[in-house]
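Throughout the sequence shown, residue numbering follows the UniProt record's numbering, covering 1 to 383 in sequence.
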Amino acid sequence: MPRAPRLDSLTGLRWWAAFGVFTHHMTNLAPLPIAAALSYGNFGVMFFFVLSGFVLTWSANTVVSAPTFWWRRFARIYPAHFVALLLAIPVFYSFAPDPADWWVKPVDLGILVLSVFLVQGWSRDPVVLFSGNPAAWTLTCEAFFYTLHPAINRVLRGLTLRRTFAAGMALIAAGFAYRALTVLLPETFGVPLPFPVARLSEFVLGMFAAHAIRIGWRPRLSPVAIYILGAAFLAWLVLSPRLLPGAVVGAAIRASANEWMIILCLLLIIAVTTRDLTQRRSLLRSLPLVKLGEWSYCFYLVHATVIYVVLARIDRREPGWSNLAWYAFMLVVSIVLAAALHYGVEKPAERALRAWWDRRLVRRAKQAELQVTGDSAPAIRLR
Numbered sequence: 001m002p003r004a005p006r007l008d009s010l011t012g013l014r015w016w017a018a019f020g021v022f023t024h025h026m027t028n029l030a031p032l033p034i035a036a037a038l039s040y041g042n043f044g045v046m047f048f049f050v051l052s053g054f055v056l057t058w059s060a061n062t063v064v065s066a067p068t069f070w071w072r073r074f075a076r077i078y079p080a081h082f083v084a085l086l087l088a089i090p091v092f093y094s095f096a097p098d099p100a101d102w103w104v105k106p107v108d109l110g111i112l113v114l115s116v117f118l119v120q121g122w123s124r125d126p127v128v129l130f131s132g133n134p135a136a137w138t139l140t141c142e143a144f145f146y147t148l149h150p151a152i153n154r155v156l157r158g159l160t161l162r163r164t165f166a167a168g169m170a171l172i173a174a175g176f177a178y179r180a181l182t183v184l185l186p187e188t189f190g191v192p193l194p195f196p197v198a199r200l201s202e203f204v205l206g207m208f209a210a211h212a213i214r215i216g217w218r219p220r221l222s223p224v225a226i227y228i229l230g231a232a233f234l235a236w237l238v239l240s241p242r243l244l245p246g247a248v249v250g251a252a253i254r255a256s257a258n259e260w261m262i263i264l265c266l267l268l269i270i271a272v273t274t275r276d277l278t279q280r281r282s283l284l285r286s287l288p289l290v291k292l293g294e295w296s297y298c299f300y301l302v303h304a305t306v307i308y309v310v311l312a313r314i315d316r317r318e319p320g321w322s323n324l325a326w327y328a329f330m331l332v333v334s335i336v337l338a339a340a341l342h343y344g345v346e347k348p349a350e351r352a353l354r355a356w357w358d359r360r361l362v363r364r365a366k367q368a369e370l371q372v373t374g375d376s377a378p379a380i381r382l383r
């Protein structure tokens, strides 16, 4: 099966998603006057989930078995996670935490073990959810998504474009309906679902989009128009509570902001993908952005640790534009550490783990071939 074309612009987009999460967390150290707008940087996590479903489906190969797929994902995410966890524990844990350092928790080996095995994200208790490396709860979601991906992808491959659209629209509608039920009937539907379940639709919608393009869908969407639409929507989310405090429609849209943002993420990924496939120019394919995108996973893993190392040594800054200097400094430090983790751990460990698995598959194939040859050889009767 031929390899799917590279989509380097999506790698560039990954960087901006990680940067959004960084700006959101920097508010805890050095808030800017636009802190309310930067709080929506957490939508970068949603973008990662949608993009993950898209990219894994786009690059999926039918000859790769589910166990091989799962091992490759483990090789891709776990080594860097484990090292980042070791870096984070001294920052976020202490045997005698100072109450003033609200982010430092008492050492609890039972809870930390959950982080080692990436199951902490199944809990909604913040002490458990953000245990170990606080950013790593999203990896619990990804591990769950990876588990389901081969089965969902097999179903997708049998869908026509029309049925793919119908399934995608139904899933989006279900998301809006569930959001409405949580608002209208909080006693019945207000209990929050575990994040891996609650965020699964984001990953699956990314899969639907990739399958639609994989079987020939080529919509003409302008990335610039979607950037403007996204910026306008975020501005409206920030300003509407003050400008239209009593508007029912506005409150309903704000309550379903996640669902609207999923649609915007999908549109942006689709627009950028079709632009790459038609070989049109894209700044997202520039070497600096592609490199930053390649480092973005490690950047995501270490940025909070870097922020809280500094916060432990200085007081939280007063809001002001002068804090931009802190943003620049923390960004550079986080990027340098991310690049070191990428080149020193992530890539070499992934290569080694994948090579070990490939050798194992070759060895098993040879053993099976010898077994077949032995079984089919003519019997020799001894006289």
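For glycine and all other residues, C-beta sits at the position ideal for the given N, C-alpha and C.
Shown here for Trp321: same chain residues with a beta carbon closer than 7 Å to its own, the five before and five after excluded, namely Leu32 and Pro33 in chain order.
Separation of Ser39 and Val336 (C-alpha to C-alpha, rounded to the nearest whole angstrom) is 24 Å. Under the 10 Å beta carbon count, Ala84 is surrounded by 16 or more other beta carbons and is classified as buried. If you check the CB distance, Leu156 and His211 come in under 8 Å. Bridge partners of Lys105 according to DSSP: Tyr93. With respect to the 8 Å criterion, Leu109 and Trp326 are not classified as neighbours on the basis of their beta carbons. A contact between stretches requires three or more CB pairs, one per stretch, nearer than 8 Å, and the region 239–257 fails this requirement with the region 192–202. In the structure shown, the three-state DSSP call for Thr62 is coil.
If you keep only unbroken alpha helix (DSSP H) runs of at least 4 residues inside the region 248–327, you get 248–255, 257–277 and 287–311. DSSP places Ser131 in the coil class of the three-state scheme, outside both helix and strand.
When the beta-carbon positions are compared, Val50 and Leu205 come within less than 8 Å of each other. For secondary structure counted as the alpha helix (DSSP H) over 4 or more consecutive residues, the region 30–59 holds these complete runs in sequence order: 35–38 and 43–58. Relative to Ala173, the option among Cys298, Pro186, Leu148 and Glu202 whose CA is nearest is Glu202. For Asp8, the uninterrupted alpha helix (DSSP H) segment begins and ends at Asp8 to Met26.
The residue from Thr160, Leu86, Ala151 and Asp101 with its alpha-carbon nearest to that of Trp70 is Ala151. Taking 8 Å as the cut-off, the beta carbon of Ala143 is found no closer than this to the beta carbon of Ser115. Rounded to whole angstroms, the gap between the alpha carbons of Val362 and Ala75 is 18 Å.
Counted as a single uninterrupted DSSP element, the alpha helix (DSSP H) harbouring Ala143 occupies residues Trp137 to Leu156. Apart from the 5 residues on each side of it in sequence, Phe176 sits with its Cβ closer than 8 Å to the Cβ of Ser256 and Glu259 in its chain, given in chain order. Rounded to the nearest whole angstrom, the CA to CA distance from Phe54 to Thr138 is 17 Å. Around the beta-carbon of Lys105, 16 or more other beta-carbon atoms lie within 10 Å, marking it buried. Following the DSSP letters along the chain, one finds Ala180 inside the alpha helix (DSSP H) bounded by residues Leu161 to Leu184. The shortest CA-to-CA distance from Ser9 to any of Ala339, Ala349 and Thr273 is the one to Thr273. In chain order, Leu129 place their CB closer than 7 Å to the CB of Ser123, counting only its own chain and leaving out the 5 sequence neighbours on each side. Bounds of the alpha helix (DSSP H) holding Glu202 are Leu200 to Arg214. Here the region 160–174 does not lie against the region 234–243, with fewer than 3 beta-carbon pairs under 8 Å apart. Here the alpha carbons of Pro79 and Leu284 stand approximately 27 Å from one another. In this structure, DSSP gives Trp217 a state outside helix and strand, which the three-state scheme calls coil.
Measuring C-alpha to C-alpha distances from Met46 to each of Tyr93, Val183 and Trp16 identifies Trp16 as the nearest. Shortest Cα-Cα distance from Trp102 to any of Arg316, Arg364 and Ala352 involves Arg316.
Here Asp125 carries a coil assignment [DSSP, helix/strand/coil]. In its chain, beyond the 5 residues on either side, Arg3 and Ala4 have a beta carbon closer than 8 Å to the beta carbon of Ser59. In the displayed model, Gly190 falls within coil according to three-state DSSP, outside both helix and strand. In this structure, Gly132 is the residue among Gly132, Ser65, His81 and Ile77 with its C-alpha nearest to the C-alpha of Ser94.
Beyond the five residues adjoining it in sequence on each side, Phe22 comes within less than 6 Å, by CB distance, of His303 in the same chain, given in chain order.
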